[in-house]
């Protein structure tokens, strides 16, 4: 399977730290032939969405969109700014077609200033992912400022949740992929 970890912001370090830590745990879960790639939008020059077909983009924009479309599992790193998802991540969604996440398992790791910001994921991100046909994981890892010391994770509970989430992502995405294959094989053609 192809796993894509996407840092949805171009500033800050906490979300990237969560993704890097999660990546270590995920690498211990996956098979040798599984691929894991981490894309950090801060290192890419992404065009603003202007309504064109996603394949008509070029450069970094097309590269990122192609990797999203080719992935089986996508884990989004989502910081919360001004009680909302970051604009670079929303721009990625706008660049993609409506069904971009069809038959893909999508989860997320969230960093925010306060615990109240968990509602952003429930009322902004999950509806977008649903509209885009994602098999969205029901749970996610949420860390707030008090879980960090600078940009380093300072919470054993968060590290444990990241490790557990890596297991969940592996098991649930494999079960989902196996169910899709079983359904496709039942068609007999």
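Numbering (UniProt numbering), first residue to last: 1 to 189. C-beta atoms are modelled at their ideal positions from N, C-alpha and C, and glycine is treated no differently. On a predicted model such as this, the values are computed, not experimentally measured, just so you know.
Looking only at C-alpha atoms, which of 170, 180, 78 sits nearest to residue 11?
Ranked by Cα distance from residue 11, the options 170, 180, 78 are led by 78.
Under 9 Å, do residue 106 and residue 65 count as touching if we go by C-beta distance?
no
Is there contact between the region 160–174 and the region 28–47, where contact requires at least three CB pairs shorter than 8 Å?
yes
How many Å lie between residue 174 and residue 186 at the Cα?
18 Å
Would you say the region 1–10 touches the region 84–91, given that touching needs at least three Cβ pairs under 8 Å?
Between the region 1–10 and the region 84–91 there are three or more inter-stretch CB-CB distances shorter than 8 Å, so the stretches are counted as touching.
So who's on the other strand from residue 2, going by DSSP bridges?
35
So, helix, strand or coil for residue 44, using DSSP?
coil
What residue ranges within the UniProt domain "NADPH-dependent FMN reductase-like" (1–144) form continuous alpha helix (DSSP H) runs of no fewer than 4 residues, ordered along the chain?
14–27, 59–70, 87–95, 126–131
Residue 151 lies in the alpha helix (DSSP H); which residues open and close that run?
Premise fails: residue 151 is in no alpha helix (DSSP H) and is neither H nor E.
Please go through the same chain and pick out, in chain order, the residues whose beta-carbon is closer than 6 Å to the beta-carbon of residue 147, but skip the five residues on each side of it.
155, 158, listed in sequence order.
Could you check if residue 155 belongs to the surroundings of the ligand ZN, using beta carbon to heavy atom distance under 8 Å?
What this structure holds is no ligand at all, so the ligand ZN is not there to describe.
With a Cβ-Cβ cutoff of 9 Å, do residue 176 and residue 133 count as a contact?
no
Count the CB pairs spanning the region 109–123 and the region 10–24 that are closer than 8 Å, and state whether there are at least three.
yes
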